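Participant: Going from the sequence shown to my numbering is simple: count from 1 and add 1.
Got a structure for you, written out below as structure tokens; questions coming shortly.
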Amino acid sequence: MTTAQVSSGQTPSGRLSPGPRAKRTGGARRAERTRRALRTLGFLSPWLVGFSVFFAYPLISTVYFSFMKYDGFTAPTWVGLRNWVYVLQDSPFFWPSLRNMLWLVLVMVTCRVVFGLGIGLLITKVKAGAGLFRTLFYLPYLAPPVAATMAFVFLLNPGTGPVNTILGALGLPEPDWFSSASWSKPSLTLLALWCIGDLMVIFMASLLDVPKEQYEAAELDGAGPWQRFRYVTLPNISPIVLFAVITGVIATMQYYTEPLVAAKVASGVIGGSGQTFEPGYPDKSTLTVPHVIYNLGFQRFDTGAACVVAIVLFVLAMIFTGFLMRRRSGFMAAED
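Dropping the structure here:
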């Protein structure tokens, strides 16, 4: 390289070399990128710690223990697929609980969303006394689940409950409600509709947020009440409907307290020593998947089988959520 090339910053091939100033600029950019990455990781660290501790580690541990024989006290031993075979083939509780869960997801979640949206629509249309109706429908949601369930079981008591007394006075059939395997899940659905206050408030907030100009334009085009709901209200609140359906499905898959308390009260087993309780009374009709997990893990100390049921529940929740999100994407594309 000649003195002229050095002074002009050219390489022996004739190209311009980066030079000290360009090298300093490149180093400064790398340092800035490093600082930016560290800053981003710093902001994300609380989420990363929470995700690792409360999601990733429990999930990996659940998969690990599903292949182990572990009672929580002695060291786990490898058993391969034995826990999976027991749960999927030999367990007397797994498939009934899965059928109950699917029934509740399809019927109870649908009824809750439709009823909550209907109540929200009616209250937003009421001119006088809207505050009173809003309070009356929201108050049952504030009741503790155990107390609300016990009160509902007593109200629907086939022999002494006021509901059957009124039905009998009107000459209508008197169901056995929580004492009948055919009526236990509809009874739980009625209980869920009674505590609809949370969903009603969410739908009311979304309905009041729909632009009134769109309703006025639809009325000028001659749209009736159903057409205004179909083409104005529903597209505007569709994200809230999707939120209600997904959270409802997940909550129903974790349904535990209400069916357990209802089954215990209806069977006459409130508590105390010497009393035995059959899960899912009557005839496993109120048995849910969380009941099976609790029974296997904390009553029979069969942690491996309980982990298998938990994995199945997790996979089903992911499938339901993914299916609903794909349906939502198709609906939005059709609107566009």
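Just so it is clear, CB atoms sit at the ideal spot from N, CA and C, and this is done for glycine as well.
All figures in this text were calculated on a predicted structure; none of them were measured in a lab.
Only counting the same chain, and skipping five residues up and downstream in sequence, which positions put a Cβ closer than 7 angstroms to that of Leu297?
Facilitator: Excluding positions up to five away in sequence, the list reads Asp303, Ala306, Ala307 and Val310.
Participant: For Gly281, which option in Ser185, Arg327 and Phe230 has the closest C-alpha, if you only look at C-alpha atoms?
Facilitator: Measuring from the Cα of Gly281, the nearest candidate turns out to be Ser185.
Participant: Using only the alpha-carbon positions, how far apart do Val7 and Phe44 sit?
Facilitator: In this predicted model, Val7 has a pLDDT of only 49, less than 50, meaning its place in the structure is not dependable enough to derive any value.
Participant: Is it buried or exposed, Thr234, if we count other Cβ atoms within 10 angstroms and call 16 or more buried?
Facilitator: When all chains shown are included, Thr234 counts as buried.
Participant: Please report the Cβ distance between Ala245 and Val114, rounded to the nearest whole angstrom; I am assuming they are in contact, meaning their Cβ atoms lie under 8 angstroms.
Facilitator: About 5 angstroms; that satisfies the 8 angstroms criterion.
Participant: List the endpoints of the continuous alpha helix (DSSP H) containing Gln228.
Facilitator: Gln228 -> alpha helix (DSSP H) spans Pro226 to Arg229.
Participant: Take Thr1 as the anchor and find which of Lys265, Asp91 and Leu288 has the nearest alpha-carbon.
Facilitator: Residue 1 is absent from the structure shown; the chain starts at 2 and stops at 337.
Participant: Got a sec: is the Cβ-Cβ distance from Ser188 to anything in chain D below 7 angstroms?
Facilitator: The question asks about chain D, but that chain is absent: this structure has only one protein chain.
Participant: Does DSSP classify Lys70 as helix, strand or coil?
Facilitator: Correct three-state label for Lys70: strand.
Participant: For Val7, name the three-state secondary structure that DSSP assigns.
Facilitator: Low per-residue confidence applies at Val7: pLDDT is 49, beneath 50, and the placement is therefore not dependable, though the value from the model is reported in the following sentence. Three-state DSSP puts Val7 in a helix.
Participant: From the DSSP output, read off the bridge partner residues of Trp79.
Facilitator: Per DSSP, Met69.
Participant: Touch check for the stretch 98-112 and the stretch 188-208: three-plus C-beta pairs under 8 angstroms?
Facilitator: As far as the Cβ criterion goes, the stretch 98-112 touches the stretch 188-208, which means the pair count is three or higher.
Participant: Is the separation between the beta-carbon of Leu168 and that of Gly162 shorter than 7 angstroms?
Facilitator: Not closer than 7 angstroms, so no.
Participant: Starting from the C-beta of Pro260, find all residues in its chain whose C-beta is less than 7 angstroms away, skip the five residues before and the five after it, and write them out in chain order.
Facilitator: Excluding positions up to five away in sequence, the list reads Leu189, Thr287 and Thr289.
Participant: Is Asp210 helix, strand or coil when you go by DSSP?
Facilitator: Asp210 falls in the coil class under three-state DSSP.
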